[in-house]
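Each remark here refers to the structure printed beneath this line.
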Amino acid sequence: MIISTSNIKKGLCIIFNNEIYKIIEFLHVKPGKGPAFIRTKLKNFITGRIIENNFISGHKIKEINLEYKIYIFLYKNKINYYFMNIKDYNQISIEKKYIKKYKFLKSGQEVIIIYKENNKTPFYVKIPSKVILKVIDTEIALKGDTVTNTNKYVKLETGLIIQVPLFINIGDNIKINTENSMYIERIK
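Numbering (UniProt numbering), first residue to last: 1 to 188.
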């Protein structure tokens, strides 16, 4: 749907430069000289990159409606990841190449799958910003290591390898920030 810049609001999703962006901030500016414009901050839906752009007042932009559905991750094979809708129990498969943060997915985890308006094909899998995963392998921390090295590498149940503090052991559950793959805390 084509809308005018006067209808811009926070949270609106638009197509800009052939990509989907979400408006996270906007400000109507009326300078002393020149035409009024809308200063916006846009977040790329797929990459997460934030850009700033000015739209001349009255400019037409394309709004896109997105449909959000809650699914549970079931399992994966070499190519596909399988999810089940929690409302109607329908199962779908999505190719690995379309899932940006697949290394954070574990069986039974809730995710949001986003569809473009009136489209049956999902275009984005939104993983929670924080997940809890189990440590399955780690380096041995030796006495005296804290002088030079306060972190070590661990392998998690999904295959992801991250740095954690030395006190983390095999079998521990840890909370991880999915935005930057950083350790947050140990879960007891």
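All C-beta atoms in this analysis are idealised placements derived from N, C-alpha and C, irrespective of residue type, glycine included.
Contact between the stretch 101-109 and the stretch 75-89 is established, with three or more Cβ pairs separated by less than 8 Å. For residue 59, the closest of 162, 52, 5 by C-alpha to C-alpha distance is 5. Fully enclosed beta strand (DSSP E) runs of no fewer than 3 residues occupy 151-156, 161-165, 173-177 of the UniProt domain "Elongation factor P C-terminal" (131-186), in order along the chain. Straight across, the Cα-Cα distance linking residue 88 with residue 35 is about 51 Å. Annotation for residue 126: the continuous beta strand (DSSP E) segment containing it runs 122-126. In this structure the stretch 12-31 touches the stretch 44-51; the number of beta carbon pairs closer than 8 Å is three or more. Leaving aside the five residues that flank residue 86 on each side, the residues in its chain whose CB is nearer than 8 Å to its CB run, in chain order, 70, 71, 72, 110. Membership of residue 66 in the beta strand (DSSP E) is indicated by the continuous run 66-76. Straight across, the Cα-Cα distance linking residue 151 with residue 173 is about 17 Å.
Taking C-beta atoms as the reference points, residue 38 and residue 8 count as a pair closer than 9 Å. In its chain, beyond the 5 residues on either side, 157, 173 have a beta carbon closer than 6 Å to the beta carbon of residue 134.
Here residue 140 is not near residue 155, since their CB atoms are 9 Å or more apart.
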